[in-house]
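Structure, as structure tokens:
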Amino acid sequence: MIKLRKFILVFLFFVFAVLIVYGILLGDFGEIKDNGSVLCLSCIGIG
Amino acid sequence: MKRTLFQLGSLLVSNLYFATFYTRNIYQGWAKGLCIPFMNCYGCPLAVVSCPIGSLQHFTIIKVVPFFLLGFFGIVGAFVGRMACGWICPFGFFQELLYKVKTPKIYPPKILNYLKYPVLVILTILIAYWLGEPWFCKLCPVGTLEASIPLVIWNPPGGIFAQGGTIINKLEFLFYIKMVILFGFVALNFFIKRPFCRYACPLGAIYSFFNKFSFYRLEVDSKNCSLCNYCLKDCPMDLTVYEELNDTDCIRCLKCTKCPEVNLTNIFEKSHFK
Chain E
1 MIKLRKFILV FLFFVFAVLI VYGILLGDFG EIKDNGSVLC LSCIGIG
Chain A
1001 MKRTLFQLGS LLVSNLYFAT FYTRNIYQGW AKGLCIPFMN CYGCPLAVVS CPIGSLQHFT
1061 IIKVVPFFLL GFFGIVGAFV GRMACGWICP FGFFQELLYK VKTPKIYPPK ILNYLKYPVL
1121 VILTILIAYW LGEPWFCKLC PVGTLEASIP LVIWNPPGGI FAQGGTIINK LEFLFYIKMV
1181 ILFGFVALNF FIKRPFCRYA CPLGAIYSFF NKFSFYRLEV DSKNCSLCNY CLKDCPMDLT
1241 VYEELNDTDC IRCLKCTKCP EVNLTNIFEK SHFK
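These protein sequence lines are chains E and A, in that order.
For the first sequence, this note's numbering assigns the number 1 to the initial residue and increments by one for each residue that follows.
For the second sequence, this note's numbering assigns the number 1001 to the initial residue and increments by one for each residue that follows.
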């Protein structure tokens, strides 16, 4: 049971690492393209 | 004390753009593309990084699968579960301070803690997808505290914040709704420990899925535990650790590890209590 849990955890780390790398390769790794570089009016309450 | 330093440190590190008072602009450098593992509004004039829930909403609205974000949530959650909530979230710190005010304390039923899941699924994802607007951000009390209130107090003339006028002149009804929500949570906070984390935080809801099987986890010596409930008295989420070990609501603040029968371990380490 514990071995299975360890295997699942290691597998998940691998999957999430792949997702991160793929996201970085796509260039969509945050908000810089859009909302991060403009003022978020929704956050302030004026839009 | 150590945890307080982490909480204050994270607040400072994520809000370092003091040049805003001179430039009257927000930080637009490379770091703004990075997410942090806790709630910190990027509408704050000092913010230098992105809010993960703001980013999630952004990608939901533009209907793009956020691969990086999903991996980021997964890595953080699978590694430490909700530890970010307990150690580096500035809004969590703010709530802990408010709870220290001496008032009669309330312990609401734990079933209410499930409210954060509809907030994540319905308000943060589905409504943003359908309406194309970041409705969680529009209502988020963290944004009100870190962005709305400071900007309204500062009311900077000119620059990006003024938007061709002044912020005070441009405030909409939404601002007052945000204020009511923030002060609602503040009022609750005098009586309930961390109400936002319990009932409304979508980021905590995401991390909570990982608590049961994360790399770092808590263990209890059930043979020697005297059921004294010391862990319950100190727990910021009102958990009885020996019964609710690694519960979805545990924020891994590690206060309960002051008890010698509770220990932080990792999945590859042998139990300390054998």
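Beta carbons are placed, not taken as given, at the ideal position from N, Cα and C, and that holds for glycine.
Could you list which residues in chain E have their beta carbon closer than 8 Å to that of residue i, in chain order?
{"i": "A:Phe1268", "result": "Lys6"}
{"i": "A:Cys1041", "result": "Cys40, Cys43"}
{"i": "A:Leu1151", "result": "Ile44"}
{"i": "A:Phe1175", "result": "Ile44, Gly45, Ile46"}
{"i": "A:Phe1067", "result": "Leu19, Ile20, Tyr22, Gly23, Leu26, Asp28"}
{"i": "A:Gly1184", "result": "Correct list: empty, because the minimum Cβ distance to chain E is about 15 Å."}
Just to check my reading of the structure: residue i and residue j have Cβ atoms closer than 8 Å, yes? What is that Cβ distance to the nearest angstrom?
{"i": "A:Val1048", "j": "A:Asn1025", "result": "A:Val1048 to A:Asn1025, Cβ: 13 Å. No contact."}
{"i": "E:Leu9", "j": "A:Ile1267", "result": "6 Å"}
{"i": "A:Leu1056", "j": "A:Thr1124", "result": "7 Å"}
{"i": "A:Tyr1216", "j": "A:Cys1231", "result": "Contact flag wrong, Cβ pair sits at about 17 Å."}
{"i": "A:Leu1203", "j": "A:Ile1053", "result": "5 Å"}
{"i": "A:Thr1144", "j": "A:Lys1178", "result": "4 Å"}
{"i": "A:Pro1090", "j": "A:Ser1010", "result": "6 Å"}
{"i": "A:Ile1127", "j": "A:Phe1191", "result": "Not confirmed; about 29 Å, so no contact."}
{"i": "A:Lys1167", "j": "A:Phe1161", "result": "Per the sequence shown, residue 1167 of chain A should be read as Ile rather than Lys. Their Cβ separation, rounded to whole angstroms, is 6 Å, which keeps A:Ile1167 and A:Phe1161 in contact under 8 Å."}
{"i": "A:Phe1021", "j": "A:Gln1095", "result": "About 28 Å separates the two Cβ atoms, so there is no contact after all."}
{"i": "A:Cys1035", "j": "A:Phe1072", "result": "6 Å"}
{"i": "A:Lys1116", "j": "A:Cys1201", "result": "6 Å"}
{"i": "A:Ala1078", "j": "E:Phe14", "result": "Between E:Phe14 and A:Ala1078 the Cβ distance is about 10 Å, and since that is not below 8 Å, they are no contact."}
{"i": "A:Glu1261", "j": "A:Asp1221", "result": "4 Å"}
{"i": "E:Ser42", "j": "A:Pro1150", "result": "Wrong, their Cβ atoms sit about 16 Å apart, outside the cutoff."}
From what residue to what residue does the beta strand (DSSP E) around residue i run?
{"i": "A:Glu1096", "result": "That residue, A:Glu1096, is in no beta strand (DSSP E); its alpha helix (DSSP H) goes 1090-1099."}
{"i": "A:Asn1263", "result": "1262-1266"}
List, in chain order, every chain A residue whose beta-carbon is nearer than 7 Å to that of residue i.
{"i": "E:Phe16", "result": "Gly1071, Gly1074, Ile1075, Ala1078"}
{"i": "E:Phe11", "result": "Result: empty, since nearest Cβ-Cβ is about 10 Å, beyond 7 Å."}
Run through the DSSP bridge pairs and tell me what residue i is partnered with.
{"i": "A:Arg1217", "result": "A:Thr1265"}
{"i": "A:Ser1222", "result": "Bridge partners of A:Ser1222: none, in fact."}
{"i": "A:Ser1148", "result": "In DSSP, A:Ser1148 forms no bridge with anything."}
{"i": "A:Cys1231", "result": "In the DSSP output, where bridge partners are listed per residue, A:Cys1231 has none listed."}
{"i": "A:Ser1050", "result": "A:Cys1035"}
Need the endpoints of the alpha helix (DSSP H) that residue i sits in, please.
{"i": "E:Leu25", "result": "2-26"}
{"i": "A:Asn1189", "result": "1173-1189"}
{"i": "A:Pro1195", "result": "1195-1199"}
{"i": "A:Tyr1207", "result": "1202-1208"}
{"i": "A:Val1241", "result": "Looking at the DSSP string, A:Val1241 is not in any alpha helix (DSSP H), and its letter there is neither H nor E."}
{"i": "A:Cys1250", "result": "Segment: none, A:Cys1250 is in no alpha helix (DSSP H) and carries neither H nor E."}
{"i": "A:Lys1002", "result": "1002-1014"}
{"i": "A:Lys1258", "result": "Note, A:Lys1258: premise wrong, no alpha helix (DSSP H); not H, not E."}
{"i": "A:Asn1040", "result": "No alpha helix (DSSP H) contains A:Asn1040, which DSSP labels as neither H nor E."}
{"i": "E:Cys40", "result": "Neither: E:Cys40 is in no alpha helix (DSSP H) and is coded neither H nor E."}
{"i": "A:Ile1167", "result": "1167-1170"}
{"i": "A:Phe1021", "result": "1020-1023"}
So which residues of chain E does residue i contact, with C-beta pairs closer than 9 Å?
{"i": "A:Ser1148", "result": "Cys43, Ile44, Gly45, Ile46"}
{"i": "A:Ile1127", "result": "By Cβ distance, chain E contributes nothing, its closest Cβ being about 13 Å from A:Ile1127, past 9 Å."}
{"i": "A:Lys1138", "result": "Ser42, Cys43, Gly45, Gly47"}
{"i": "A:Pro1143", "result": "Note that residue 1143 of chain A is Gly in the sequence shown, not Pro. Correct list: Cys40, Ser42, Cys43, Ile44, Gly45."}
{"i": "A:Ile1167", "result": "Ile44, Ile46"}
{"i": "A:Gly1158", "result": "In chain order: nothing, as chain E lies at least about 13 Å away."}
Just to make sure I have the definition right: I need the residues of chain E whose C-beta is within less than 7 Å of the C-beta of residue i. Which are they?
{"i": "A:Pro959", "result": "Residue numbering for chain A in the displayed model covers 1001 to 1274; residue 959 of chain A lies beyond these limits and cannot be assessed."}
{"i": "A:Lys1178", "result": "Gly45"}
{"i": "A:Glu1172", "result": "Gly45, Ile46"}
{"i": "A:Phe1196", "result": "Near A:Phe1196 there are no residues of chain E at all, since even the closest Cβ is about 16 Å away, more than 7 Å."}
{"i": "A:Phe1215", "result": "Leu9"}
{"i": "A:Phe1091", "result": "Simply none; closest approach about 13 Å."}
{"i": "A:Gly1081", "result": "None at all; the shortest Cβ gap to chain E is about 12 Å."}
- prompt: Taking only runs of the alpha helix (DSSP H) that begin and end inside the region 1056-1142 of chain A, which ones reach a length of at least 4 residues, in chain order?
  reply: 1067-1080, 1083-1087, 1090-1099, 1127-1131, 1135-1139
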